[in-house]
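Trainee: Order-wise, the sequence lines are chains V and Z. Quick note on full-length UniProt numbering: the first sequence kicks off at 1 and runs consecutively. Quick note on full-length UniProt numbering: the second sequence kicks off at 1 and runs consecutively.
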Amino acid sequence: MQFFGGSEISPSPPVPTASGNNAHMMYVFNRNGVCLLYKEWNRPLHTLNPQQDHKLMFGLLFSLKSLTAKMDPVNADKGNLGVPQLPGQGCSFHSFRTNTYKLSFMETPSGIKIILVTHPKTGDLREALKYIYSLYVEYVVKNPIYCPGSPIKSELFNTALDQYVRSIS
Amino acid sequence: MVREVAESCVDTMLMEMVAMYSGRFYANKPELAARRIEAIGYQVGHQLSERYTMERPRFSDHLEAIKFICKDFWSEVFKKQIDNLKTNHRGTFVLQDNKFRWLSRVSIDPSSSEKETEDPSTPGESKAAQAVSMYLYFPCGIIRGVLSNLGIPCAVSADISSLPTCSFVIRVKA
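1) Is F59 of chain Z helix, strand or coil when you go by DSSP?
2) Run the CB neighbour count on M71 of chain V, radius 10 Å, all protein chains shown included, and call it buried at 16 or more, exposed below.
3) Give me the Cα-Cα distance between S8 of chain Z and E16 of chain Z, rounded to the nearest whole angstrom.
4) What three-state label does DSSP hand H54 of chain V in the structure shown?
5) Between which two residues does the alpha helix (DSSP H) carrying N149 of chain Z extend?
6) Which residue comes first and which comes last in the beta strand (DSSP E) that contains T118 of chain V?
7) I need the boundaries of the alpha helix (DSSP H) containing S49 of chain Z, first residue and last residue.
8) Count the other CB atoms, across all protein chains shown, that sit within 10 Å of the CB of M13 of chain Z; report buried if there are 16 or more and exposed otherwise.
9) Counting only beta-carbon separations shorter than 7 Å, does I152 of chain V have a partner in chain Z?
10) Apply the 10 Å Cβ neighbour rule to H89 of chain Z and answer buried if 16 or more other Cβ atoms are within range, or exposed otherwise.
11) Within 8 Å, do at least three Cβ pairs link the region 101-109 of chain Z to the region 99-113 of chain V?
12) Taking 6 Å as the limit between beta carbons, can you name the residues of its chain near V18 of chain Z, skipping five residues before and five after?
13) Whose C-alpha, out of Z:R58, Z:N98, Z:P139, is nearest the C-alpha of K80 of chain Z?
14) Helix, strand or coil for L61 of chain V, going by three-state DSSP, please let me know.
15) Touching or not, the region 58-67 of chain V and the region 119-130 of chain V, by the rule of three or more beta carbon pairs under 8 Å?
16) Starting from A158 of chain Z, follow the beta strand (DSSP E) in both directions and report where the run begins and ends.
17) Assign F58 of chain V to buried or exposed, taking buried as 16 or more other Cβ atoms, counted over all protein chains shown, within 10 Å of its Cβ.
18) Can you tell me whether DSSP reads F157 of chain V as helix, strand or coil?
19) What's the C-alpha gap between residue 259 of chain Z and D61 of chain Z?
20) If the criterion is Cβ atoms closer than 7 Å, does the pair C154 of chain Z and L147 of chain Z meet it?
21) Measuring alpha carbon to alpha carbon, tell me which of Z:F68, Z:R171, Z:N84 ends up nearest V77 of chain Z.
22) Expressed to the nearest angstrom, what Euclidean distance is found between the alpha-carbon atoms of L36 of chain V and Q130 of chain Z?
23) Considering Cα atoms alone, identify which of V:K130, V:Y101, V:S154 is closest to residue 207 of chain V.
24) What whole-angstrom Cβ distance do L95 of chain Z and C70 of chain Z have, given they're in contact under 8 Å?
25) If we count the other Cβ atoms within 10 Å of its Cβ and call it buried at 16 or more, is T108 of chain V buried or exposed?
26) Between I37 of chain Z and the rest of its own chain, which residues show a CB-CB distance below 6 Å, the 5 nearest in sequence each way excluded?
27) Between which two residues does the beta strand (DSSP E) harbouring T92 of chain Z extend?
28) From the DSSP output, in three-state form, read off S167 of chain Z for me.
29) Take G151 of chain Z as the anchor and find which of Z:D83, Z:V172, Z:S167 has the nearest alpha-carbon.
30) Enumerate in chain order the residues of its own chain whose CB-to-CB distance from V169 of chain Z is below 6 Å, with the five nearest sequence positions on each side excluded.
31) By Cβ distance, which residues of its chain are closer than 6 Å to F96 of chain V, with the 5 residues on each side in sequence left out?
32) Output the boundary residues of the alpha helix (DSSP H) element that contains F78 of chain Z.
Have a look at this one:
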């Protein structure tokens with residue numbers, strides 16, 4: 001099954017529909033809860049210091065994933081706690097929405113979690129998150145200088161990511 | 001019979017080769033690691049030149065051999081040609097590749113490069129440059145291997161003052 005396959009940067013990015021600053025912020029965590037990247041475009045309110053914020057976010061997603069799996073009325077296989085699942089297997093939540101924001105989430109089989117917080121009227125961002133993951137593979141994983149498990153400090157990745165996120169509606 | 005390998009495998013193997021030699025086998029001895037990696041490149045270049053010059057007649061002079069490297073050889077190995085070739089007609093050639101494939105994803109830490117603008121002699125910036133230069137010994141070795149198999153002994157060095165542009169300087173031994 002081909003999940004992330006293809007040639008240069010693939011899958012090709014979903015068509016941008018609006019310009020400007022629709023994203024609020026983005027987190028990337030690895031399997032161990034290390035925050036590899038935190039990017040902010042539009043966040044007027046900060047309630048916690050960065051460390052607490054990252055820990056809270058990671059903990060929230062961990063709990064949400066196990067809650068959604070346990071409450072699943074359809075699927076019998078509950079999976080193991082904390083183990084990333086193959087795409088399509090088991091039950092995985094992908095977004096939640098409040099009156100002020102929408103949080104979209106994606107976890108890869110390698111345990112990389114990508115969270116994107118946008119304005120509440122955003123559509124389904126699963127394709128967008130897949131594209132961001134392909135950017136991660138191209139510019140971070142394949143960067144010889146990058147040390148896996150450490151925060152991402154790649155200029156190429158930051159530029160490409162910024163450019164792409166600003167084009168999401 | 002053509003067998004294909006995913007490019008990611010080649011990329012990752014090259015990364016790991018440099019990491020092993022400079023991190024484990026010759027840790028704290030970067031010159032020895034560099035020499036070893038360059039020697040591996042030499043062998044590879046030697047063998048690749050056999051394969052890619054199979055049906056061609058012998059090269060008439062050094063410039064023809066260098067042009068072969070810039071066009072056919074570079075296209076076979078890196079899927080593009082050298083963008084700029086300079087020579088002083090006295091045995092020195094500069095091959096410039098504006099987007100060297102093996103360095104296309106290398107990206108330095110932007111915060112450390114900001115520190116560099118305040119004080120150009122900070123060791124932080126040269127450490128990044130040193131780390132990147134380890135990845136150039138292999139292609140330099142390849143070029144040296146190709147030329148020596150064509151009968152042109154030389155010394156090859158690389159210059160990365162502006163990424164992703166990369167220049168290879170070939171000095172033919174008289």
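Where is the CB? At the ideal position from N, CA and C, for every residue including glycine.
Mentor: Judging by the given coordinates:
1) Note: F59 of chain Z maps to coil in three-state DSSP.
2) For M71 of chain V, the number of other beta carbons within 10 angstroms of its own is below 16, and it is reported as exposed.
3) When the Cα atoms are used, S8 of chain Z and E16 of chain Z turn out to be separated by approximately 12 Å.
4) DSSP places H54 of chain V in the helix class (H, G or I) of the three-state scheme.
5) N149 of chain Z -> alpha helix (DSSP H) spans 137-149.
6) Per DSSP, the continuous beta strand (DSSP E) segment holding T118 of chain V begins and ends at 113-118.
7) First-last of the alpha helix (DSSP H) with S49 of chain Z: 30-52.
8) Result: exposed.
9) So, not an interface residue.
10) Looking at its Cβ environment, which holds fewer than 16 other Cβ atoms inside 10 Å, H89 of chain Z is exposed.
11) No: the two stretches stay apart, fewer than three of their Cβ pairs being nearer than 8 Å.
12) Leaving aside the five residues that flank V18 of chain Z on each side, the residues in its chain whose CB is nearer than 6 Å to its CB run, in chain order, M134, Y135.
13) It is Z:N98 whose Cα lies nearest to the Cα of K80 of chain Z.
14) L61 of chain V: helix per DSSP, three-state reduction.
15) Not touching, per the Cβ criterion.
16) Segment 154-159, the beta strand (DSSP E) holding A158 of chain Z.
17) Around the beta carbon of F58 of chain V, 16 or more other beta carbons lie within 10 angstroms, which makes this residue buried.
18) Helix at F157 of chain V.
19) Look at the range of chain Z in this structure, 1 to 174, and you will see that residue 259 of chain Z is not part of it.
20) In contact: C154 of chain Z and L147 of chain Z (Cβ atoms closer than 7 Å).
21) Nearest to V77 of chain Z by C-alpha distance, out of Z:F68, Z:R171, Z:N84, is Z:F68.
22) In this structure, the alpha-carbon of L36 of chain V lies about 24 Å from that of Q130 of chain Z.
23) As shown, chain V starts at 1 and ends at 169. That puts residue 207 of chain V outside it, with no answer to give.
24) In this structure L95 of chain Z touches C70 of chain Z by the C-beta definition: roughly 6 Å separates them, less than 8 Å.
25) Burial is judged here by how many other beta carbons sit within 10 angstroms of a residue's own beta carbon; T108 of chain V has at least 16 and is buried.
26) Excluding sequence neighbours, I37 of chain Z sits near Y21, Y137, F138.
27) Segment 92-97, the beta strand (DSSP E) holding T92 of chain Z.
28) If DSSP states are grouped into helix, strand and coil, S167 of chain Z belongs with the strands.
29) Here the closest residue by C-alpha is Z:V172.
30) Cβ-Cβ distances below 6 Å link V169 of chain Z to V94, S157 in the same chain, with the five nearest sequence neighbours on each side left out; the list follows chain order.
31) Close CB contacts of F96 of chain V within its chain, under the 6 Å cut and outside five residues either way in sequence, are with L103 (chain order).
32) Run containing F78 of chain Z: 74-78, per the alpha helix (DSSP H) assignment.
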